[in-house]
Amino acid sequence: KILIIGACGQIGSELTYKLRAMYGDKNVIASDISYSNLDIVNSGIFEIVDAQDYAAVKICVEKYRINTVYLMAAMLSATGEKYPMKAWDLNMNSLFHVLNLAKAKFIKKVFWPSSIAVFGPTTPKENTPQFTVMEPSTVYGITKQVGERWCEYYHNKYDVDVRSLRYPGIISYKTLPGGGTTDYAVDIFHKAITDKNYECFLNENTELPMMFMEDAIQATVDIMTAEAKSVKIRSSYNLSAISFTPKELAESIRGYIPDFKITYNPDYRQEIADSWPKRIDDSFARQDWGWQHKFSIEDIAKEMISQLQKKYSSTVTNSK
Ligand code: VAH
């Protein structure tokens, strides 16, 4: 049985749908700290679990005889800068609880997401290597860097089968993301449809690694279903698909909404974005367990706009 912690979140919710489809609703337990995504809550088995409460996690693991945990609960980069100690506590306590349950053999397999946020201003920004200088300058990035160290330590010392991916910015339409710096790449599509214009909180040339949600979910399934011996890196794998700037994304949107206008008003998130790489080298993921992305920026723009136009037109008709 599979437990998803943070199942109401941007990635957690889509991982829940995918894993339920793969393994059957009865074998996937979705959990979160609140009922913040009613579609997830009402579409399968759901439990309220505080990821920082070891006993609560352990009780859920034993109640459903869980053997695999996807730990998707975290405080992201932008919010983490507002509440540093809350970000540290949530991101680290939850990881230790899951790693210790695995060390004690209550669970067999763990997925834990890292991020390009592990890289900092001194990291090479072009084709950032798998092994390189990492001096993250955000609390979120610090939790991801130290989390990677602990994952590798628990694997080497206690034979814990924990697997991890350094996600880039992820673009999706099913849920609104919460508190990230790359969220502009989701917000822009909503505003393009509702207002035909968007004020971007990053400047036009801020190039960042990005990925469509379907690619991110596929990569997660691929690494978790790979033979243990092919998952050679147990800190976290660089994972990449495409990179683009707000200017380039706006161009792609104008291919579908010709009069779409974008303005730029960088805020505190500009400094966070400037500390991250522009492009990532994910050759280890491609060679070790066959990673291959599918969605280009054109595919993403097409899919996001068609899905969100459906979503907004249905809400408009409903509200009539
Ligand atoms: C964030 N979406 O912006 C997350 C992610 C690489 C970005 O970690 O914080």
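Numbering-wise, UniProt numbering puts 57 at position 54 of the sequence shown, and it's gapless, one number per residue. All C-beta atoms, glycine included, are put in the ideal place defined by N, C-alpha and C.
*How far does the beta strand (DSSP E) with Ala33 in it reach, from first residue to last?*
Looking at the DSSP string, the run of the beta strand (DSSP E) that includes Ala33 is Val31 to Asp35.
*Find the nearest neighbour of Ile7 within the set Met25, Asp35 and Tyr26, judged by alpha-carbon distance.*
Considering only alpha carbons, the answer is Asp35.
*Consider the C-beta atom of Ile174 and the heavy atoms of the ligand VAH; say whether any pair is separated by less than 7 angstroms.*
It does not: the Cβ of Ile174 is nowhere closer than 7 angstroms to a heavy atom of the ligand VAH.
*Specify the secondary structure class of Lys323 as computed by DSSP and reduced to three states.*
Since pLDDT at Lys323 reaches only 46, below the 50 mark, its modelled position is unreliable, and no value is offered.
_Selected residue, minimal CA-CA separation from Gln13, among Met88, Glu151, Ala288 and Ala76_ = Each of Met88, Glu151, Ala288 and Ala76 was checked against the Cα of Gln13, and the nearest Cα belongs to Ala76.
*Between which two residues does the beta strand (DSSP E) harbouring Tyr170 extend?*
Asp164 to Tyr170 is the extent of the beta strand (DSSP E) around Tyr170.
*Whose C-beta lies closer than 7 angstroms to the C-beta of Pro87 among residues of the same chain, with five residues either side of it excluded?*
These residues qualify, in order along the chain: Val142.
*Looking only at its own chain, which residues have a Cβ that is under 7 angstroms from the Cβ of Thr248, when we skip the five neighbours before and after it?*
Closer than 7 angstroms at Cβ, skipping near neighbours: Glu207, Asn208, Thr209 and Glu210.
*asked:* Are there any heavy atoms of the ligand VAH lying less than 7 angstroms away from the beta-carbon of residue 330, as far as the coordinates show?
replied: Because the chain spans 4 through 323 in this model, residue 330 falls outside it and cannot be assessed.
*Please determine, among Ile236, Gln295 and Ser175, the residue with the shortest C-alpha to C-alpha distance to Phe192.*
Each of Ile236, Gln295 and Ser175 was checked against the Cα of Phe192, and the nearest Cα belongs to Ser175.
*Is the beta carbon of Pro180 less than 8 angstroms from the beta carbon of Ile283?*
Pro180 places its beta carbon 8 angstroms or farther from that of Ile283.
*Cβ-based burial, Pro116 [other Cβ within 10 Å; buried from 16]*: The residue is buried, with at least 16 neighbouring Cβ atoms inside 10 Å.
*Between Val165 and Leu102, which are expected to be in contact by the criterion C-beta below 8 angstroms, what is the C-beta distance as a whole number of angstroms?*
In this structure, Val165 and Leu102 form a Cβ contact; the two beta carbons are roughly 7 angstroms apart against a cut-off of 8 angstroms.
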